[in-house]
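For the record, in the sequence shown the residue sitting at position 108 is 107 according to numbering that gives the first Met the number 0, with numbers rising by one throughout. All residues carry an ideal CB built from backbone N, CA and C; glycine is no exception.
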Amino acid sequence: MARKSVREILTDMKDISELMVDLSYAAIMFDSREISEEVRNLQRQMERLNHEIRTKAMLSARTYADAEKLSGLLQVASAAENMSYAAVNIVNLAQCQTDKKPFLRFVLKEAEEKIGRLVVSESSDMVNRTLADMSVESETGMRIIAIKRGRRWIYDPEGNVSLKAGDTLIVRGTEDGYEMLRKHVMGEQKWPEQAPKERES
Numbered sequence: 000m001a002r003k004s005v006r007e008i009l010t011d012m013k014d015i016s017e018l019m020v021d022l023s024y025a026a027i028m029f030d031s032r033e034i035s036e037e038v039r040n041l042q043r044q045m046e047r048l049n050h051e052i053r054t055k056a057m058l059s060a061r062t063y064a065d066a067e068k069l070s071g072l073l074q075v076a077s078a079a080e081n082m083s084y085a086a087v088n089i090v091n092l093a094q095c096q097t098d099k100k101p102f103l104r105f106v107l108k109e110a111e112e113k114i115g116r117l118v119v120s121e122s123s124d125m126v127n128r129t130l131a132d133m134s135v136e137s138e139t140g141m142r143i144i145a146i147k148r149g150r151r152w153i154y155d156p157e158g159n160v161s162l163k164a165g166d167t168l169i170v171r172g173t174e175d176g177y178e179m180l181r182k183h184v185m186g187e188q189k190w191p192e193q194a195p196k197e198r199e200s
């Protein structure tokens, strides 16, 4: 397997830290120890990536100019790491101080972007179609951050993942986007057909 560059590792750290924040909110909203544990697992992955990116940066810097450029990237990596620690603190707070859960849920419900949960109906035409095929986020503005299928969780699902009847979706986005996606997931509305690609002239 090809080794990743500093920039590629940084992109991974940014994506993982954002996912961790989303999952930490979901863990509070739905009181899920499984999601909380995944946040902690991702934190361990972040620690490995942070060690790797700092090691690569030190080995890559040959001149003062190189060091200055890499310093900026490491600052971004540090910010991503801080986000990941904040996500862990959120799930720890929710589990250790149960009296604060109602307040935390209230705060999250008041946020502009919301975390929601939907169950895919057998009557939905989203069943057996991939996320990439449907362009869910582009069509609705809602991001599917996790899927629970039976007892198994799929975190940060990729485009090749197909939806199945009975899947529980953990989603993030606006209230309008949530309502739009809900209608499709419940089978109340048909999923919009993708516009045909223009033929090359």
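{"Item": "Would you call Leu58 buried or exposed, if buried means 16 or more other Cβ atoms sit within 10 Å of its Cβ?", "Value": "exposed"}
{"Item": "Measuring CB atoms only, is the segment 143-157 touching the segment 84-92, in the sense that at least three cross pairs come out at less than 8 Å?", "Value": "no"}
{"Item": "Is the CB-CB distance between Tyr177 and Gly115 below 7 Å?", "Value": "yes"}
{"Item": "Would you mind working out which of Met133, Met185 and Val160 sits nearest Ile146, comparing C-alpha positions?", "Value": "Val160"}
{"Item": "When DSSP labels each residue in this structure, what does Ala164 get in the three-state scheme?", "Value": "coil"}
{"Item": "Could you pull out every residue in the same chain whose Cβ sits closer than 6 Å to the Cβ of Arg6, ignoring the five residues on either side in sequence?", "Value": "none"}
{"Item": "Assuming the contact rule is C-beta atoms closer than 8 Å, Leu48 and Met12 should be a hit. Round their C-beta distance to whole Å, please.", "Value": "5 Å"}
{"Item": "In or out: Arg171 buried (at least 16 other Cβ within 10 Å) or exposed?", "Value": "buried"}
{"Item": "Going by DSSP, name the residue or residues bridged to Ala86.", "Value": "Answer by DSSP bridge pairing: none, since Ala86 is not bridged."}
{"Item": "According to the neighbour-count rule (16 or more other Cβ atoms, all chains shown, within 10 Å of its Cβ), is Thr139 buried or exposed?", "Value": "buried"}
{"Item": "Jot down the residue ranges of each uninterrupted alpha helix (DSSP H) in the segment 136-192, minimum 4 residues, whole runs only, in chain order.", "Value": "174-184"}
{"Item": "Straight-line CA distance for Glu192 to Ala131?", "Value": "13 Å"}
{"Item": "So the beta strand (DSSP E) Val20 belongs to, where does it begin and stop?", "Value": "Note, Val20: premise wrong, no beta strand (DSSP E); alpha helix (DSSP H) at Val5 to Met28."}
{"Item": "Are the beta-carbon atoms of Ile52 and Ile8 separated by less than 7 Å?", "Value": "yes"}
{"Item": "With which residues is Val118 paired in a DSSP beta bridge?", "Value": "Thr167"}
{"Item": "What distance in whole Å lies between the Cβ atoms of Glu112 and Thr173, which are believed to be in contact at a cut-off of 8 Å?", "Value": "6 Å"}
{"Item": "When we look at the beta-carbon of Ala78 and count the other beta-carbons within 10 Å, is it buried (16 or more) or exposed?", "Value": "exposed"}
{"Item": "Using C-beta distances below 8 Å, list every residue in its chain close to Ser31, excluding the 5 sequence neighbours before and after it, in chain order.", "Value": "Ala25"}
{"Item": "Could you give the DSSP three-state label for Thr54: helix, strand or coil?", "Value": "helix"}
{"Item": "Which whole-angstrom value is the C-beta distance of Met185 and Ser134, which I expect to be below 8 Å?", "Value": "About 19 Å; that fails the 8 Å criterion."}
{"Item": "Can you check whether the CB of Ala56 is closer than 7 Å to the CB of Leu41?", "Value": "no"}
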